[in-house]
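**Student:** One structure, pasted below without further comment.
Encoded structure:
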């Protein structure tokens with residue numbers, strides 16, 4: 223498979239705070255933003271849809287609000303975001319308008335992508351904006367999100383957006399030119415990995431701790447993003463972003479790491495299930511049920527050995543093996559209170575146990591995605 227921006231029709235570009243904001247002056251890096259806007263204009267000129275996921279709102283407001291300590295409380299982050307979002311939107315508006323492009327701001331929370339109705343509404347808005355020739359600039363809505371409903375990083379948000387709009391490529395612009403076998407800042411023998419065919423547990427184990435400073439990401443969250451994006455059929459690249467024209471450099475063959483999209487096709491519904499970041503609970507299943515899932519069959523109550531969490535019918539839950547390994551993710555056909563009563567029993571006994579007849583499956587295969 224040949225991977226290049228030249229083959230893309232719809233892309234998502236994620237840009238971190240350290241790239242957008244001058245850390246000394248706490249102001250937008252206008253010249254750098256102009257270069258990125260020029261890259262975006264070049265993509266748009268040949269018909270490529272572009273969505274930007276941009277950090278930087280909180281960093282732009284820290285100094286103005288005298289919030290210079292390293293760690294901020296949630297309410298301080300929310301206050302800084304309320305001020306900084308205006309400045310971030312203005313910076314992107316100025317950069318893009320200089321190249322004849324119209325910026326559109328969209329603020330999302332984790333709930334907006336986890337709730338099916340909000341997810342579809344956001345997708346419709348983004349699709350409409352792209353159809354009108356706009357460049358959507360997205361950030362997490364930190365001014366209203368609580369600790370429990372935050373992404374906490376824009377890498378995973380960008381992956382969810384890429385999945386949402388069925389982008390064929392996602393670019394994470396970073397301070398490093400891709401994935402290494404170990405942290406190259408600490409291990410001189412670390413090897414660069416140009417292509418990752420699949421995001422396995424071994425690949426995810428290569429992610430280190432988040433770097434110091436304002437960033438909340440790091441390689442670990444980028445690998446989580448890669449799992450989400452590639453599972454939705456979207457290729458992803460981690461590339462250096464601090465150079466003057468990062469997208470043009472990537473297109474010209476600059477060193478990066480490409481993550482290949484999963485070969486199997488998934489419906490939009492299953493892509494959404496796969497990308498869920500906060501399952502409401504979990505089922506632990508026996509070996510027979512695990513084999514049945516691997517063969518493409520539904521999960522029946524008889525094969526479930528335990529559950530955790532409080533969830534309603536239709537909520538996303540994780541399916542775990544007896545060793546605790548995540549096997550699948552799906553939509554529960556029963557609320558946790560009812561599911562706890564029928565697990566371990568045959569489907570023919572459900573009506574006698576609950577007093578009403580529900581589905582034979584606790585998760586139907588049409589609502590199930592293997593991990």
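Residue numbers (the numbering used here): 223 to 593. Beta carbons are placed, not taken as given, at the ideal position from N, Cα and C, and that holds for glycine. Everything numeric in this text was worked out from a predicted model, so none of it was measured.
Take the Cβ of residue 292 as the centre, count every other Cβ of all protein chains shown within 10 Å, and call the residue buried at 16 or more, exposed below.
**Tutor:** Burial call: exposed.
**Student:** Which value, in whole angstroms, describes the spacing of the CA atoms of residue 594 and residue 568?
**Tutor:** Residue 594 cannot be examined here, being either before or after the span of the chain that is shown, 223 to 593.
**Student:** Per the contact definition of three or more C-beta pairs closer than 8 Å, is the region 518-532 in contact with the region 576-583?
**Tutor:** yes
**Student:** Does the distance from the C-beta atom of residue 328 to that of residue 304 stay below 9 Å?
**Tutor:** no
**Student:** Closest to residue 360 by C-alpha separation, out of 571, 555 and 234, would be which residue?
**Tutor:** 234
**Student:** So residue 558 and residue 531 are in contact, right, with Cβ under 8 Å, and what is the actual spacing, rounded?
**Tutor:** That pair is a contact at about 6 Å.
**Student:** Give the range of the beta strand (DSSP E) segment to which residue 393 is assigned.
**Tutor:** For residue 393, the enclosing beta strand (DSSP E) stretches over residues 391-396.
**Student:** Assuming residue 299 and residue 280 form a contact by the criterion Cβ under 8 Å, report the distance between their Cβ atoms to the nearest whole angstrom.
**Tutor:** 6 Å
**Student:** Between the region 461-472 and the region 498-515, do at least 3 Cβ pairs fall closer than 8 Å?
**Tutor:** no
**Student:** In this structure, does DSSP put residue 485 in helix, strand or coil?
**Tutor:** Here residue 485 sits in coil by DSSP.
**Student:** Alpha carbon to alpha carbon, what distance is there between residue 357 and residue 255?
**Tutor:** 14 Å
**Student:** Helix, strand or coil: how does DSSP classify residue 402 here?
**Tutor:** strand
**Student:** Under a three-way DSSP split, which group does residue 237 fall into?
**Tutor:** strand
**Student:** Per DSSP, which one or two residues make a beta bridge with residue 358?
**Tutor:** Beta-bridge partners of residue 358 (DSSP): 326.
**Student:** For residue 244 and residue 251, which I take to be in contact (beta-carbon distance under 8 Å), what is that distance rounded to the nearest angstrom?
**Tutor:** 5 Å
**Student:** Express the C-alpha separation of residue 566 and residue 354 in angstroms, rounding to a whole number.
**Tutor:** 53 Å
**Student:** Restricting to Cα atoms, I'd like to know which of 319, 276, 325 and 551 is closest to residue 306.
**Tutor:** Among 319, 276, 325 and 551, the Cα nearest to that of residue 306 is on 276.
**Student:** Pop quiz: residue 552 and residue 590 are said to be a contact at Cβ under 8 Å. What is the actual Cβ separation, rounded to whole angstroms?
**Tutor:** 4 Å
**Student:** In angstroms with no decimal places, state the Cα-to-Cα distance between residue 396 and residue 238.
**Tutor:** 7 Å
**Student:** Determine the contact status of residue 540 and residue 504, defining contact as a CB-CB distance below 9 Å.
**Tutor:** Yes, the Cβ-Cβ distance between residue 540 and residue 504 is below 9 Å.
**Student:** Within 10 angstroms of its Cβ, does residue 571 collect 16 or more other Cβ (buried), or is it exposed?
**Tutor:** exposed
**Student:** Work out the CA separation of residue 335 and residue 564 for me, nearest whole Å.
**Tutor:** Taking the Cα positions, residue 564 is about 30 Å away from residue 335.
**Student:** Could you give the uninterrupted runs of the beta strand (DSSP E) lying entirely in the region 434-476, keeping only those of 3 residues or more?
**Tutor:** 457-462
**Student:** If residue 443 and residue 421 are in contact, beta carbons under 8 Å, what's the gap, nearest whole angstrom?
**Tutor:** About 13 Å; that fails the 8 Å criterion.
**Student:** I'd like the list of long-range same chain contacts for residue 326, defined as Cβ closer than 6 Å, with 5 residues on each side in sequence excluded.
**Tutor:** 351, 356 and 358
**Student:** Using the rule of at least 16 other Cβ atoms within 10 Å of the residue's Cβ for burial, across every protein chain shown, is residue 542 buried or exposed?
**Tutor:** buried
**Student:** Going by beta-carbon coordinates alone, are residue 411 and residue 401 separated by less than 9 Å?
**Tutor:** no
**Student:** Using CA atoms only, rank isn't needed, just tell me which of 264, 499 and 258 is closest to residue 331.
**Tutor:** 499
**Student:** Taking Cβ positions, are residue 561 and residue 526 nearer each other than 9 Å?
**Tutor:** yes
**Student:** Distance, Cα to Cα, residue 231 vs residue 392?
**Tutor:** 11 Å
**Student:** DSSP three-state label for residue 371, please.
**Tutor:** Because the pLDDT of residue 371 is 48, which lies under 50, any placement of that residue in the model is unreliable, and the question is left without a value.
**Student:** Just the C-alpha distance for residue 296 and residue 363, rounded to the nearest angstrom, thanks.
**Tutor:** 12 Å
**Student:** With distances taken Cα to Cα, identify the nearest neighbour of residue 264 among 485, 323 and 389.
**Tutor:** 323
**Student:** Going by DSSP, what residue range makes up the alpha helix (DSSP H) through residue 424?
**Tutor:** 423-426
**Student:** Buried or exposed: which applies to residue 212, given that a residue is buried once 16 or more other Cβ atoms fall within 10 Å of its Cβ?
**Tutor:** Outside the displayed range of the chain (223 to 593) lies residue 212, so it cannot be described from this structure.
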